[in-house]
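Student: Residue numbers (the numbering used here): 19 to 924.
Pasting in a structure now, in structure tokens, and then I'll have a few things to ask.
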Amino acid sequence: MLDKTFDPKSVEPRLYAAWEASGAFKPSEDPNAEPFVIVIPPPNVTGSLHIGHALNNTLQDVLTRFHRMRGKAALWLPGTDHAGIATQMVVERQLAAAGNIGRRDLGREAFVDKVWEWKAESGGAITNQLRRLGASCDWSRERFTLDEGLSAAVRKVFVQLYKQNLLYRDKRLVNWDPQFQTAISDLEVEQKEVDGAYWHFAYPLADGVTYQHPVAFDDEGKPTEFETRDYVVVATTRPETMLGDTGVAVHPTDERYKGLVGKFVTLPIVGRRIPIVADDYADPTKGSGAVKITPAHDFNDFGVGKRAGLEAINIFTAEAKLNETVPAEFVGMDRFVARKAIVARAEEEGWLKEIEKTKHMVPHGDRSGVVIEPFLTDQWYVDAKTLAQPALKAVETGDTVFEPKHWEKTYFEWLRNIEPWCVSRQLWWGHRIPAWFGPEGSIFVEETEEEAYAAARAKFGADVVLNRDEDVLDTWFSSALWPFSTLGWPEKTPDVARFYPTSTLVTGFDIIFFWVARMMMMGIHFMGEVPFKQVFINALVRDEKGAKMSKSKGNVMDPLILIDELGCDAVRFTMTAMSGQARDIKLSKQRIEGYRNFGTKLWNASRFAQMNECVRVEGFDPATVQQPINKWIRGETVKTVAEVTKALEAPAFDEAAGALYRFVWNVFCDWYLELAKPILNGDDAAAKAETRATAAWALDVILKLLHPVMPFITEELWDKTAEFGPARDSMLISARWPELPESWIDAEAEAEIGWLVETVGEIRSIRAEMNVPPSAKPGLSIVGAGAETKARLARHRDLLLTLARLDSLREAETAPTGSVPIVMGEATGALAIADFIDLAAEKARLTKEIAGHVGEIEKTNKKLGNPDFLARAKEEVIEENRERLADAEAAKAKLEAALGRLESVG
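Spelled out as structure tokens, the structure:
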């Protein structure tokens, strides 16, 4: 007999161990089985399971379990990312905490050994946490982006791209993290709003040049007064960068400065003559319309400098201190100390015209927390524009599709405007770049050191000294190869042949450019095929009010704590049910508790079935059932199988979960088991046997359908319900997905039981709306019933009396006074409620509640109709108001209908 309650804490680890030990996570070896493949978005080896991981991996597991049960060779390939900066930071902090020397004192080789030691001891935490989520990955194929196989793939790709002129070394601006002293990607840059200022500096014109600058204007904006100036005013939020200025830009059409284009200013402090150039980047409507240009320390200025032929002078060291290119008094000074010193000097010498306080966005390293500096360095770049063209075409032609489809726009916009991809990082932990520097500026790019020396001997005719590049590759470079390197490429392995291309990628919208697009580029270039046929972009998990979760707000929900408290199945069902198209997930603990109750409902229904001897029968054929309710539940089961299958094929996760919830809670538990009770408690042995077998069969189908979403409770019920009846052929994880014929839908039974369910449901609804006490048993009169309705009333009289809590059921010529009308097909039901409620009080209550909703609707409409509110409010606040309006309108309509019915009572 089933225990009274389901205990997730004891069941989950036991069942997961059994699944893993059974080999169920491995793909079928049947050569005729169609492959279904997902590669996991590799979490950082330093990571812990957060709510985003819980969502993303739940959806992947739902798909994997679904396709596995359909007989496909389902492979969910797991692994972790070496996470260059994050991992290096963790180990450096550990060294510091232990009082050891820093990594630079330790030396590269010894430090990297320390990182591998840390990885061996602590690097498996997240994979164990994924197991707690029920992830049915094939752990025997687990990969790591720095394992030997993936390292070989990375070296081959780098060398091949270089020899195809698709990878090169260049001096360009990068996002530079002064703390880690490395270039970082845009994804690792966090924009923060800070208090700052625009400092307005007057740069004196060289060679005695002056010009007439407008100082007053008429109503049409035409200048009416001028003053003679021998300077140009520029504004900056970073005064320290002025020491690297090599030009001043003005717009070509700006009448104020047309005569100055080609002239020079003298850079204060430095004394350098720098030209005034015309460029569309300068905006005449902002500030003075003149912009200082520092090509080596601003991305926009770098472009202006390229167009105007301006020199790029790097004024910073790797630590963001001023270097030897600046006047001696500033050399070695920290950039922010230099900022204060330059402002003080400007004020003292009189070329500081204004300080304009402002709030502005400043880039920070997401790991280091320090301000990022645009920095001019030699780095390795991939020709992303060339590689992007086939990746664009693949989505345009439908070789790979995005779900939801609107995310294709994000993909297209980035790829159509793509810049060269900086793939080098100044770190020690990562794939070391396979490039060796030789004499005369020569570079040898080869997969091994031996090959590099051989290439050098061929070039110089003798052995020469080579020095390997110190840099490592961007983590995203190795991740871009993930769909094929994890299968064993560049070797021609059976897995590559069978499982590439993969089927579906499930990932977040924030890495469409950084990962999805790059996998597309690399997959098509090296494999000749797209890496996946479908990309499902999962939603962002927010708190219950729609705000983004963050530690500073204190609204973060830890999935592991939720699993401990409410069970894994409840967390998984919540994630699945809320994963609708094009909307974020507003997660609350109450919602998860609701789905835990859903699991409890299923458990209790199984106990009820077991207590009533609803046991599987060998050879039972649902096609042969005779009882209307059994024909009805058979048909409802067929429709649910079709609905869930179609939804998961799409995938439309919320639709699958919604269909499951309605069928299990409403159809099977609330109606079928209730309708079956008279038969189960009756004397008709044949009807009882058929109903027991049908209930057991329907419950089996439920367990199969629900298993991908709620694997633990379904597997436990699958096992426990087999204690009676024939033995199971396999664990539920390996059972076949149900396929049921449409011919099992019986229209007559559907109409009959549908009528009964609708009638009882309508009576219950009216009782609730009118505040009829639960203990009250009103009478129901039927007016105008035809032959079929009369027959149904006769057949289901006892069920109607019991389920609707009625005192009597009779036919009548007219509806009695004090009754509420109910539509019953061609007939009208009249529920006599006047004796059980205070009509006047109920009308007053409903009128008051309607008025409350009217007020809420007016207030919310006013707010949503205010352009100022829509412009200033956060998106989640606007969405919350829209939902409030929809809820209020629906509640008002329902109450008005109830009031209308009461008016008919008298």
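Idealized CB from N, CA, C, for every residue including glycine.
Keep in mind the model is a prediction, meaning the values are calculated, not measured.
So, for T246: in the same chain, excluding its five sequence neighbours on each side, which residues have a beta-carbon less than 8 Å away from its beta-carbon?
Tutor: Locating residue 246 in the sequence shown gives position 228, where the first residue counts as 1. Closer than 8 Å at the Cβ level, and outside the excluded window around T246, lie T228, Y229, Q230, H231.
Student: Could you tell me the alpha carbon to alpha carbon distance between F517 and P53, rounded to whole angstroms?
Tutor: Taking the first residue of the sequence shown as 1, we reach residue 517 at position 499. Taking the first residue of the sequence shown as 1, we reach residue 53 at position 35. Going from the Cα of F517 to the Cα of P53 covers about 6 Å.
Student: Between which two residues does the alpha helix (DSSP H) carrying N75 extend?
Tutor: Translated into positions along the sequence shown, residue 75 becomes position 57. That run of the alpha helix (DSSP H) goes 69-87.
Student: Please report the straight-line C-alpha distance between I292 and T335, rounded to a whole angstrom.
Tutor: In the sequence shown, residue 292 corresponds to position 274, counting from 1. In the sequence shown, residue 335 corresponds to position 317, counting from 1. Whole-angstrom Cα-Cα distance: 23 Å.
Student: So, is N74 buried or exposed, given that buried needs 16 or more other C-beta atoms within 10 angstroms?
Tutor: In the sequence shown, counting from the first residue as 1, residue 74 sits at position 56. So N74 ends up on the buried side.
Student: DSSP three-state call for S799: helix, strand or coil?
Tutor: Within the sequence shown, residue 799 is the residue found at index 781, counting from 1. Correct three-state label for S799: strand.
Student: In angstroms with no decimal places, state the Cα-to-Cα distance between A402 and S386.
Tutor: Against the sequence shown, residue 402 aligns to sequence position 384. Against the sequence shown, residue 386 aligns to sequence position 368. Approximately 28 Å between the Cα atoms of the pair.
Student: Excluding five sequence neighbours on each side, which residues of the same chain lie with their C-beta closer than 7 Å to the C-beta of V283?
Tutor: Residue numbering aside, residue 283 sits at position 265 when the sequence shown is read from its first letter. Taken in chain order, the residues that qualify are Y221, P222, L223, A224, V250, V266, I292, I294.
Student: Could you tell me which residues DSSP puts in a beta bridge with H218?
Tutor: As a working mapping, residue 218 is identified with position 200 in the sequence shown. In the DSSP output, where bridge partners are listed per residue, H218 has A253, E372.
Student: Looking at the structure shown, is T200 part of a helix, part of a strand, or coil, going by DSSP?
Tutor: Reading the sequence shown from its first residue, position 182 is the one you call residue 200. Strand at T200.
Student: By alpha-carbon positions, which one of L693, V133, A740 ends up nearest to V635?
Tutor: On the sequence shown, residue 635 is found 617 positions in, with the first residue counted as 1. Nearest C-alpha to V635 among L693, V133, A740: A740.
Student: Report the residue from E661, D99, Y299 whose alpha carbon sits nearest the alpha carbon of L758.
Tutor: Position 740 of the sequence shown, counted from the start, is the residue given in the question as residue 758. With distances taken between Cα atoms, L758 lies closest to E661.
Student: Closest to P381 by CA distance: which of F550, T23, V559, V192 is it?
Tutor: Position 363 of the sequence shown, counting from 1, holds the residue named residue 381. If you compare the alpha carbons of F550, T23, V559, V192 with that of P381, the shortest gap goes to V192.
Student: Let me know the secondary structure DSSP gives P381 once reduced to three states.
Tutor: Against the sequence shown, residue 381 aligns to sequence position 363. Note: P381 maps to strand in three-state DSSP.
Student: Do you know offhand how far K551's Cα is from S503's?
Tutor: If you number the sequence shown from 1, residue 551 lands on position 533. If you number the sequence shown from 1, residue 503 lands on position 485. Going from the Cα of K551 to the Cα of S503 covers about 17 Å.
Student: Decide if K377 is buried, meaning its Cβ has at least 16 other Cβ atoms within 10 Å, or exposed.
Tutor: As a position in the sequence shown, residue 377 is number 359, starting the count at 1. Counting Cβ neighbours within 10 Å, K377 comes out exposed, since fewer than 16 surround it.
Student: Could you work out which residue in I56, L821, V419 is closest to S793 when comparing CA atoms only?
Tutor: On the sequence shown, position 775 is the one that residue 793 refers to. Residue L821 is the option with its Cα nearest to S793.
Student: Are the Cβ atoms of S783 and A833 separated by less than 9 Å?
Tutor: Numbered from 1 along the sequence shown, position 765 holds the residue referred to as residue 783. Numbered from 1 along the sequence shown, position 815 holds the residue referred to as residue 833. It is not a contact, given that the beta carbons lie outside the stated cut-off.
Student: Can you tell me the Cβ-Cβ gap for L864 and A906, rounded? I've got them flagged as a contact below 8 Å.
Tutor: Stepping through the sequence shown from its first residue, residue 864 is reached at position 846. Stepping through the sequence shown from its first residue, residue 906 is reached at position 888. About 15 Å separates the two Cβ atoms, so there is no contact after all.
Student: So, for D709: in the same chain, excluding its five sequence neighbours on each side, which residues have a beta-carbon less than 7 Å away from its beta-carbon?
Tutor: Here residue 709 corresponds to residue number 691 of the sequence shown, with the count starting at 1. The sequence as given places Thr at residue 709; Asp does not occur at that position. Closer than 7 Å at the Cβ level, and outside the excluded window around T709, lie Q645, N648, A694, I697, L698.
Student: By the three-class DSSP mapping on this structure, what secondary structure does Y186 have?
Tutor: In the sequence shown, the residue the question calls residue 186 occupies position 168. In the structure shown, Y186 sits in a strand (DSSP, three-state: E or B).
Student: Considering only the beta carbon of each residue, do V790 and T846 sit closer than 9 Å?
Tutor: For the purposes of this step, residue 790 is taken as the residue at position 772 of the sequence shown. For the purposes of this step, residue 846 is taken as the residue at position 828 of the sequence shown. Against a cut-off of 9 Å, the Cβ pair of T846 and V790 comes out as no contact.
Student: Rounded C-beta distance between G448 and V490? I'm assuming under 8 Å.
Tutor: As a working mapping, residue 448 is identified with position 430 in the sequence shown. As a working mapping, residue 490 is identified with position 472 in the sequence shown. That belief holds up - the Cβ atoms of G448 and V490 are roughly 3 Å apart, short of 8 Å.
Student: Which residues in the same chain as V778 place their Cβ atom closer than 7 Å to its Cβ, once the five residues preceding and following it in sequence are excluded?
Tutor: By 1-based counting over the sequence shown, the position of residue 778 is 760. Contacts found: L818, L821, A822.
Student: Is the CB-CB distance between V838 and A848 below 9 Å?
Tutor: Translated into positions along the sequence shown, residue 838 becomes position 820. Translated into positions along the sequence shown, residue 848 becomes position 830. For V838 and A848, yes; Cβs fall inside 9 Å.
Student: Return yes when the Cβ of L857 is within less than 9 Å of the Cβ of L920, no when it is not.
Tutor: As a first step, residue 920 is located in the sequence shown; it is residue number 902 there, counting from the start. As a first step, residue 857 is located in the sequence shown; it is residue number 839 there, counting from the start. In contact: L920 and L857 (Cβ atoms closer than 9 Å).
Student: Could you tell me if Q628 is buried or exposed, where buried requires 16 or more neighbouring beta carbons within 10 angstroms of its beta carbon?
Tutor: Indexing the sequence shown from 1 puts residue 628 at position 610. Buried: at least 16 other Cβ atoms inside 10 Å.
Student: Would you say the beta carbon of L857 is closer than 8 Å to some non-hydrogen atom of the ligand COA?
Tutor: Absent from the structure shown: the ligand COA. Ligands present: none.
Student: The alpha helix (DSSP H) that contains R357, what's its start and end?
Tutor: Stepping through the sequence shown from its first residue, residue 357 is reached at position 339. R357 -> alpha helix (DSSP H) spans 353-367.
Student: If you pair each beta-carbon of the stretch 714-734 with each one of the stretch 78-94, do three or more pairs fall below 8 Å?
Tutor: Segments in contact, yes.
Student: From T6 to V559, what does the alpha carbon distance come to, in whole angstroms?
Tutor: One cannot answer for residue 6 here, as it falls past the ends of the chain, which runs 19 to 924.
Student: Can you round the beta-carbon distance between F24 and E734 to whole angstroms, since I take them to be within the 8 Å contact cut?
Tutor: Mapped onto the sequence shown, residue 24 falls at position 6. Mapped onto the sequence shown, residue 734 falls at position 716. At roughly 7 Å, the Cβ-Cβ gap stays under 8 Å, so F24 and E734 are in contact.
Student: Would you report the Cα separation of K189 and Y216, rounded to the nearest angstrom?
Tutor: As a position in the sequence shown, residue 189 is number 171, starting the count at 1. As a position in the sequence shown, residue 216 is number 198, starting the count at 1. A straight line joining the alpha-carbon of K189 with that of Y216 spans about 30 Å.
Student: Apart from the five residues just before and just after G653, which ones in its own chain have a Cβ nearer than 8 Å to its Cβ?
Tutor: One-based indexing of the sequence shown puts residue 653 at position 635. Here the set comprises W762, I763, D764, A767, E768.
Student: Hey, out of P196, Q147, W134, whose CA is closest to L394's CA?
Tutor: Taking the sequence shown and counting its residues from 1, one reaches residue 394 at position 376. That would be P196, whose Cα lies nearest to the Cα of L394.
Student: Please name the residue in K411, D298, A338 whose C-alpha comes closest to that of A314.
Tutor: The residue given as residue 314 occupies position 296 in the sequence shown. Minimum Cα distance to A314 is reached at A338.
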